[in-house]
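**Q** Quick mapping for you: the protein sequence lines, in order, are chains A and B. Under our numbering, think of the first position of the first sequence as 1, with each following residue one higher. Under our numbering, think of the first position of the second sequence as 1001, with each following residue one higher. Quick reminder that beta carbons are idealized off the backbone N, C-alpha and C, glycines included.
Protein chains: 2
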Amino acid sequence: MNYSISEENYIKSIYHLQQQADTVTTNSLANELQTKPASVTDMLKKLQVKKLLEYEKYRGFRLNATGTKVALNIVRRHRLWEYFLVTKLGFDWDKVHAIAEDLEHVSSTELIQKLDGYLNFPQTDPHGDPIPDMHGKMPLIKQVSIAEVPDKKTVVVCSVSNQSPEMLALLKHYNIAIGTSLKVNKHFGFDGSVEIKISKQAACVISEQVAKNIFVHHD
Amino acid sequence: MNYSISEENYIKSIYHLQQQADTVTTNSLANELQTKPASVTDMLKKLQVKKLLEYEKYRGFRLNATGTKVALNIVRRHRLWEYFLVTKLGFDWDKVHAIAEDLEHVSSTELIQKLDGYLNFPQTDPHGDPIPDMHGKMPLIKQVSIAEVPDKKTVVVCSVSNQSPEMLALLKHYNIAIGTSLKVNKHFGFDGSVEIKISKQAACVISEQVAKNIFVHHD
DNA sequence: AATAATTTTTAGGTTTGTCTAAATTAAATT
DNA sequence: AATTTAATTTAGACAAACCTAAAAATTATT
């Protein structure tokens, strides 16, 4: 099956919204896609006819197994291209999203297979988000926020849940990026702040709010 | 200015047809694009309004300066992607066209700039066709068919004008590809056939017809 | 030069994806 | 429980890009 760019964008957005709430509403999807609720309803009918989702009028909707597989394929393409743009073309990781948004719709399976191999089968994209395999299987990467890491443990940053410009500025200031290895020295019970140490830099303290948004995995 | 995928396909096809005849007809364009003449007329009106071509009813049409620039940009993107697909992803050069056809419509200038740099500013695509630069300037590569090369000269294959499956099979048989270096030993006046020698392989004779279709430049 | 054949354009219709405005259903409030 | 508010859907239009069939213009043939 082949889907239009528009259909793919809807499928992908539904998939993303489902990660948070398990059933998606017309308004939230319209908002996500910067379109009008009436347009969403129109497209839902189409996707339902194509048997990609469960949909009951006025009741919300969610992707079924087929729809999820399609979504994961789009996510796979998106994240592989992001990885390519950062590691090969030298883009900053916070600037690749829009371009990957276009590239993800080029749907040659052979292209994606070869790209995957060329990139050496990366497990996560530059933001630390896992890249589904050909069959839609996500690599399991146990990730924990810094707030939950025991003292004295060394970990590797693998994703950042809040990607606002403010957060990115902060990360740049602390010199933290995906792949950065750091040691969690001590948690301060009073305000939940955490002292961390990055390789040869001086130790520094991050607030609980920041600690909760930086995810890491054991080394 | 930004153009739709459809508009870009029309512009590119007009450009290609202009290379041969200098004014393009509705039917030939319809044929090139696998569409109907009526659809072509519709699009021509649009492109005329956007001031990309000279068009007189019933009289044929051609891209103006602006249109040509747009076309060259699309050609540039197409050829850079083809080069990428072959040299980085390991595709066969005769299989990349369709995929590049999709990739060429991703129109981020920054993407193409970085891709160009990553590929080391190639002058020609895998078929030996020149890649226009950012401003639409084509690199001048003096190319001559093997039939015209003087005896005893060593040259590098840079393009093949006939790209039929039969021709490609022949090239594969002789072990000739873009970039292959070969020595032109001797022209046989009787039938125009030519003896060539490729690096460590035994010398072989190609027919005049083949010699006329393989273009080379001096080393 | 008149007619036949071909090419191109116009007229009007279809599909996809969007929209606004109105109607309907569900949820929240009193 | 009745009513107000909010969310969703329907109805009807619109633009882009395509189509078929008919009309108009050009080119070729006799």
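Pick out whichever of A/A30, A/L171, A/K200 has its Cα sitting closest to the Cα of A/S207.
**A** Against the first sequence, residue 207 of chain A aligns to sequence position 207. It is A/L171.
**Q** Do you know how far the Cα of A/V210 is from the Cα of B/N1031?
**A** Your numbering for residue 1031 of chain B matches position 31 in the second sequence. Your numbering for residue 210 of chain A matches position 210 in the first sequence. Each residue's alpha carbon lies about 60 Å from the other.
**Q** Quick check: is the beta carbon of B/S1108 nearer than 8 Å to any beta carbon in chain A?
**A** Position 108 of the second sequence, counted from the start, is the residue given in the question as residue 1108 of chain B. It does; some Cβ of chain A falls within 8 Å.
**Q** Measure the C-alpha to C-alpha separation of A/V149 and A/H217 and round it to an integer number of angstroms.
**A** Residue numbering aside, residue 149 of chain A sits at position 149 when the first sequence is read from its first letter. Residue numbering aside, residue 217 of chain A sits at position 217 when the first sequence is read from its first letter. Roughly 9 Å between the two C-alpha positions.
**Q** Could you tell me whether the Cβ atoms of B/V1106 and A/L63 are closer together than 8 Å?
**A** Taking the second sequence and counting its residues from 1, one reaches residue 1106 of chain B at position 106. Taking the first sequence and counting its residues from 1, one reaches residue 63 of chain A at position 63. No, the Cβ-Cβ distance between B/V1106 and A/L63 is not below 8 Å.
**Q** Name, going along the chain, the residues of the region 85-110 of chain A whose beta-carbon falls closer than 9 Å to a beta-carbon of chain B.
**A** Going along the region 85-110 of chain A in chain order, one finds L85, K88, L89, G90, F91, K95, A98, I99, D102, L103, H105, V106, S107, S108, E110 with a Cβ nearer than 9 Å to chain B.
**Q** Whole angstroms are fine: how far does the CA of A/M134 sit from the CA of A/A177?
**A** To locate residue 177 of chain A, count along the first sequence from 1; it is residue 177. To locate residue 134 of chain A, count along the first sequence from 1; it is residue 134. Roughly 27 Å separates the two Cα atoms.
**Q** Can you give me the start and stop residues for the beta strand (DSSP E) that A/H187 sits inside?
**A** Position 187 of the first sequence, counted from the first residue, corresponds to residue 187 of chain A. Per DSSP, A/H187 belongs to the beta strand (DSSP E) from 181-187.
**Q** Excluding five sequence neighbours on each side, which residues of the same chain lie with their C-beta closer than 8 Å to the C-beta of B/M1043?
**A** One-based indexing of the second sequence puts residue 1043 of chain B at position 43. Only S1006, E1007, Y1010 meet the Cβ criterion.
**Q** For A/Y118, return the contacting residues in chain B, with the cut-off set at a CB-CB distance below 7 Å.
**A** Taking the first residue of the first sequence as position 1, residue 118 of chain A is located at position 118. The answer, in chain order, is K1088, L1089.
**Q** Measuring CB atoms only, is the region 33-41 of chain A touching the region 76-96 of chain A, in the sense that at least three cross pairs come out at less than 8 Å?
**A** No: the two stretches stay apart, fewer than three of their Cβ pairs being nearer than 8 Å.
**Q** Confirm, please, whether the CB-CB distance from A/L72 to A/P165 is below 8 Å.
**A** Translated into the one-based positions of the first sequence, residue 165 of chain A becomes position 165. Translated into the one-based positions of the first sequence, residue 72 of chain A becomes position 72. In this structure, A/L72 does not lie closer than 8 Å to A/P165 by Cβ.
**Q** Helix, strand or coil: how does DSSP classify B/V1160 here?
**A** Here the question's residue 1160 of chain B lines up with position 160 in the second sequence. B/V1160: strand per DSSP, three-state reduction.
**Q** Can you look up A/S4 in the DSSP assignment and give me helix, strand or coil?
**A** As a working mapping, residue 4 of chain A is identified with position 4 in the first sequence. Coil, per DSSP.
**Q** Applying a beta-carbon distance threshold of less than 8 Å, which residues of chain A neighbour B/K1172?
**A** Counting from one through the second sequence, the residue named residue 1172 of chain B turns up at place 172. Chain A residues near B/K1172: none, gap ~20 Å exceeds 8 Å.
**Q** Measure from the C-beta of B/K1012 to each C-beta in chain A and report whether the shortest distance is under 8 Å.
**A** In the second sequence, the residue the question calls residue 1012 of chain B occupies position 12. Cβ-Cβ to chain A under 8 Å: no for B/K1012.
**Q** Would you say A/L115 reaches chain B, if we count a Cβ-Cβ gap shorter than 8 Å as a contact?
**A** Taking the first residue of the first sequence as position 1, residue 115 of chain A is located at position 115. It does; some Cβ of chain B falls within 8 Å.
**Q** Measuring straight from C-alpha to C-alpha, what distance separates A/K114 and B/D1125?
**A** Against the first sequence, residue 114 of chain A aligns to sequence position 114. Against the second sequence, residue 1125 of chain B aligns to sequence position 125. Those two C-alpha atoms are separated by around 19 Å.
**Q** What are the boundary residues of the alpha helix (DSSP H) that B/I1112 is part of?
**A** For the purposes of this step, residue 1112 of chain B is taken as residue 112 along the second sequence, with counting starting at 1. Start and end: 1109-1118.
**Q** Going by DSSP, name the residue or residues bridged to B/H1078.
**A** As a working mapping, residue 1078 of chain B is identified with position 78 in the second sequence. Paired residue(s): none; B/H1078 is not in a bridge.
**Q** How long is the line joining the alpha carbons of A/V157 and A/F215, rounded to whole angstroms?
**A** Position 157 of the first sequence, counting from 1, holds the residue named residue 157 of chain A. Position 215 of the first sequence, counting from 1, holds the residue named residue 215 of chain A. For A/V157 and A/F215, the distance between alpha carbons rounds to 6 Å.
**Q** Please report the distance separating the alpha-carbon of B/T1154 from that of B/E1195.
**A** For the purposes of this step, residue 1154 of chain B is taken as the residue at position 154 of the second sequence. For the purposes of this step, residue 1195 of chain B is taken as the residue at position 195 of the second sequence. Using only the alpha carbons, I get a separation of about 12 Å.
**Q** Cα-Cα, which of A/E101, A/W93, A/S108, A/A98 is closest to B/V1096?
**A** As a working note, residue 1096 of chain B is residue 96 in the second sequence. Out of A/E101, A/W93, A/S108, A/A98, A/S108 has the C-alpha closest to the C-alpha of B/V1096.
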